[in-house]
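Protein chains in written order, with my numbering: chain A, 195 to 509; chain B, 195 to 509; chain C, 195 to 509; chain D, 195 to 509; chain E, 195 to 509.
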């Protein structure tokens, strides 16, 4: 995610970082060069004048507007739903921590030993909660489980889970087991175990929602049709304009192609919001945010620092 | 669902698999041939000049934009809701498994016999959970119950349920009975039985939602009106263009008709997302995904393999 | 709801059943006749030439696009929400039946008599659940309570409820009373009574939602403004076209008026989705579907048949 | 809310009640008079010809379409959300009544005295539920608390609450206290008290949602910008049309201005849906509907009549 | 938020406060001055005539409509979701207060001492609930914790929490601890503790949702592309208009630029709805509203006054 102060006036035209231009300059250059050639030849190919008025572009514009408008909304909704799911994960993690520390109680007959066991179990579950956020990030970005998670989980479990296809789901199951365990030992009333289980279900929903966005792109035929239409539109455009605006054709084609290709390229980026391109969601920052909030709630003092943005870009 | 790496530049124009062209080439060819004929006759039928300017197309374009825009969103929403319901089913299955293994407890007085009975019951319910996903797929695709489900359910039950009109609902009911049974035997506290029941209700909602999408298409009159408008638009278009762009008429008509017919055909495919056409949802993969995740949670080692995509297409 | 296989190519133009044409042929005929007259008189009224170019139609088209686009979405949303609410009712009914049969338990000291009483109560409540779906249909379609419901409810209750303004709500209340009764007799744990009550609340929500859609149309002034604009647009259109496309005016006016009137008429039908017009929701089929599913879950063998579509139309 | 049978054909043009015309006739008349003047002067101001083609209107039309389309959807969503919240309130009230009468139980040792006390408490809470709906209506319409609520609440409470800024919230709190009281006396199991509390929370959400819609209009700058654009568009329009359509200019300007001003005026009405203008929500009818349904559930026989529509308009 | 009575007719053009003009007058002036220069030079730069017809603006208008329409909806959704979250916070706070005062009970054996302790605890939690709303406001506006919160929280806690990165989350955790404490002392049944915990979770969701909106703007590349397109459009516009409308060019350019820049500027304001610009959400008023309602429910008499709007603007 790009984080920078809102530019003013002319700055909008000068900045490169955050602009989508680097992604599309190649096809943009091709389009402009073609427009220059068409202009120089006055819209003729080997003495055959290509008589293309602006009418076809109005007609195609109709389909294009539907395509780009729809694609744009659909991509943004995927992006925003991804963000919402991570927000929901953060909320569920906080709720889980609040519940884990507030509701289990050792009865007076339990003595200090049970109290220590409970404290140990609570810490255990809290760390697993943090590990879940990092594990989800690694799963979505197809990164390997590394020391990042090992520092939060018991060694043998981390090893065992690395081999699974769904390690994040295993972490949730382990927390559930610990809850069942606390209840079996009489430390937790059933209705509150139920409430804690609901926080786990909310985390499970965040997991399932992210997997859904990651695994199911916008239907492929759709993308193909959209891209073909945009390309054909931009490549034919000079023939339609050269008769009416002459030498300014390449300029106008450049501006129009820039907006269409740009809109398309941003859509490509945010359609799959869990990657590492500049406009993707900052999963690293989000999962560290969850860790920081969790550690503050645990009363810890060694809080890890938030990873800072690099070149205005938060990952 | 078509799964292939995002094409680049010229590749977009070369690929056939994933393009909607195979579905529409016939009507597209008819349209282009008509456009060629109209162009050759300079827009006249037997010496009667058809004087159709582009004005009618601008007016019809208005209705067409509303139609196609709406139809397109409605179809995609059906597709995405179908996917969302299957995601919700996956989440509910995981939650159910977590709850089934974490919360029932045999009291100390129960002894190893009850423990074995509980373990048996848990396995039973877990397998039924997996069977539900496969049964829902078979129901939505109108396939027969085969050995796929028989391997997961007790033989007599599978036989009995095959004759029902709603076998998937029967599976849920059976899991509910088992939960009631565990509670009656004192293995499960009522609030947690309640929580498990809620997972069953979530699965029931996924079932009902999928049935809704399958049984209730977009109103039929709507489709008829839309198709008629698209056809009339594309077939009349050459008469409107031939005077202004002459020999290029078939090219422009071809491009415009390709986008409109294509948009329409993709809508037709994803409107009913549970079928077997290339852009439909990969229900087989989704239900095996649920099975794999469930078996991992059960600690099994014989995990079935995910069905691989065939010719870039996941079913 | 019209149920027929998707037509192909030319079939789209030949079918009448399912087309909206029967609803609008009168006003369409008037419009075309007017267009023919205008064309014959070359756009003049008693020697006064009506000089109306296409410009006003472009300007009015703007408002029309907003109106029709909005109206169309709003109507479809009402239709789809109605369907969703009935789907939710079906799901809640299934959940309720699952819960009713799985969770109440007669303790060992209860003996066969209590068991029989419980079985009786369960059957009672299950039948009331089925009756609710039929009662809701009758309420929404303003039909009288007939033998259809009498076969499901105790005679005196049915009589008594017929006189109420909200009979469906009374059925829910009666089920609630029975649940309270089962709990008072010790057959049902409070958390599970709570869960059953939640299914009742879901059915209550479906009831309230359907009443809302039925009682609150799209604001009336909106419909008036929309209809006036569509009529004025279509009636003035020939004056705008006759100078540029001459004898083809009536054809184009016919096509444009067909799409606009058609779009409007479909909107009128699905805006109130609980009626008996062809594109309305098949409430009879839906409520029988709920009955069939419920009877299967009760283990009954005398399952009523689904009412078949008549002339492609399911009611 | 205007309730009248759907008009047919010519009736659409004759009816006044339900048309938005009475709200806008003044500015419409000004616009038409201006258009007549411009037409008579052939678009010149004191010999200075105002050469304004239709091009600026196409450009401005773009912004106008976005504005009106957005504003229109946003207003309707506010209207529909208001209706939804009142529907949700009705559902919650019914659920609450069902729960209040079905679940509290006096144990056998309680005797007839406790039974009478419970019946008294139930009636008390049921009346408070009805009072809540009326109180919410009065709060939203800024009407004074009158005898309408006094007949439902104990006199001293009604007096005391009148002085509060949030009387409706106080009613909910009082019902909550009564629930706590019933639970403390052993008449109500905790899980069912929890379920009743949830109905109270749903009513609280309806209250909060209505307050939100009432207190937070669409951003003011938005309205200003929209109105300015609409006015400028309509007032300049005659200059753009007079050269091409001559004497018909006032007619076309009138039609276009009628649609734009009308769309805008309906938006103004339904944006704040709790008022007393004709297209607003019929809060009086809705709250009496809640009262009728509640009294039927209480088994009362003196059911108040629904307030009838006056001049087709339900308040 | 700007609160003023709806203007009438001419007033719309005279008011400045609430208009977006002050934000955009600079770039608007630049655009108009450029338009005047272009008009004076008849669209030529140093004898080189810039032959730019209106065609490019129609083409660019397509992209612009998609951009502005989308951006506009996305910004308003952020604004409205922010408002909705604060509404949800208000509802949750009221529910929490109702629950805190209605459900905890000291058993008869508890005596007056426990009753006093409970009353103390309740007051404690109620004040913390109020403090949460203020703390959230300070966090969202990046203001320092001041005496405003100190008056509501025990001094040592306020001090301690000031140093945290997420102080609002800490307040929720503290309320949770107190609930656990009340339950451990036998004052609160577990199912009702669960219900109270759910109110805390709802407050936690409001917190997480607000953080999400604050931390995740609309993708930056999107804003850049949009702004560049709007600027280029408005700056090139005079060249496209000067040939057809001559001296009126600056007027039309001014009007068009005013709507586009205005639309854009309002979007900028409401995109980040928690700031202090005129169209932002009135967080101060909202949090005082929560405080007033809470204090009324606590039966307090010293109710703080609502901060009045300053110059029509509520903060």
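All residues carry an ideal CB built from backbone N, CA and C; glycine is no exception. Model, not experiment: these values are computed from the prediction.
Outcome for residue i when other beta-carbon atoms lying within 10 angstroms are tallied against a minimum of 16
| i | result |
| --- | --- |
| residue 484/C | buried |
| residue 293/B | buried |
| residue 494/E | exposed |
| residue 307/B | exposed |
| residue 498/C | exposed |
| residue 405/C | buried |
Short CB-CB distance (under 8 Å) between residue i and chain E
| i | result |
| --- | --- |
| residue 409/A | no |
| residue 380/D | no |
| residue 394/A | no |
| residue 272/A | no |
Closest by C-alpha distance to residue i, when choosing among the options
| i | options | result |
| --- | --- | --- |
| residue 420/C | 195/C, 262/C, 217/C, 445/C | 262/C |
| residue 230/C | 498/C, 470/C, 431/C | 431/C |
| residue 253/C | 270/D, 453/D, 333/D | 453/D |
| residue 249/C | 435/C, 461/C, 508/C | 435/C |
| residue 347/B | 337/B, 333/B, 368/B | 368/B |
| residue 245/E | 458/E, 451/E, 437/E, 503/E | 437/E |
| residue 202/C | 218/B, 209/B, 407/B | 218/B |
| residue 269/E | 461/E, 351/E, 359/E | 461/E |
| residue 225/C | 446/C, 471/C, 475/C, 501/C | 446/C |
Expected contact under 8 Å - CB spacing of residue i and residue j to nearest Å
| i | j | result |
| --- | --- | --- |
| residue 222/E | residue 402/E | Residue 222/E to residue 402/E, Cβ: 39 Å. No contact. |
| residue 344/B | residue 287/B | Residue 344/B to residue 287/B, Cβ: 20 Å. No contact. |
| residue 505/B | residue 389/C | Not quite, the Cβ-Cβ distance comes to about 47 Å (not below 8 Å), so this is no contact. |
| residue 393/A | residue 366/A | At roughly 10 Å, the Cβ-Cβ gap does not stay under 8 Å, so residue 393/A and residue 366/A are not in contact. |
| residue 206/D | residue 425/C | 7 Å |
| residue 385/C | residue 385/B | 5 Å |
Test: residue i CB closer than 8 Å to a CB of chain D
| i | result |
| --- | --- |
| residue 284/C | no |
| residue 278/C | no |
| residue 388/C | yes |
| residue 455/C | no |
Within-8 Å CB hit, residue i to chain B
| i | result |
| --- | --- |
| residue 423/A | yes |
C-beta neighbour in chain A for residue i, strict 8 Å
| i | result |
| --- | --- |
| residue 416/E | yes |
| residue 299/B | yes |
| residue 435/E | no |
| residue 305/B | no |
| residue 296/B | yes |
Chain C within 8 Å of residue i, Cβ atoms only
| i | result |
| --- | --- |
| residue 248/D | yes |
| residue 335/B | no |
| residue 385/D | yes |
Problem set entry | the segment 414 to 433 of chain A / the segment 416 to 436 of chain E touching (three or more Cβ pairs under 8 Å) | Touching, no, given that fewer than three Cβ pairs across the two stretches are closer than 8 Å.
Exercise. With contact counted as at least three CB pairs below 8 Å, one residue from each stretch, are the segment 273 to 285 of chain A and the segment 475 to 495 of chain A in contact?
Worked result: Segment contact: the segment 273 to 285 of chain A against the segment 475 to 495 of chain A, three or more CB-CB distances shorter than 8 Å; contact assigned.
For this session: Determine contact between the segment 483 to 498 of chain B and the segment 322 to 339 of chain B, defined as no fewer than three beta-carbon pairs at a distance below 8 Å.
Result: A contact exists between the segment 483 to 498 of chain B and the segment 322 to 339 of chain B.
Exercise. Okay, do the segment 330 to 341 of chain B and the segment 465 to 472 of chain C touch, 3+ Cβ pairs below 8 Å being the bar?
Worked result: Remark: fewer than three beta-carbon pairs, one from each stretch, lie closer than 8 Å, so the segment 330 to 341 of chain B and the segment 465 to 472 of chain C are not flagged as touching.
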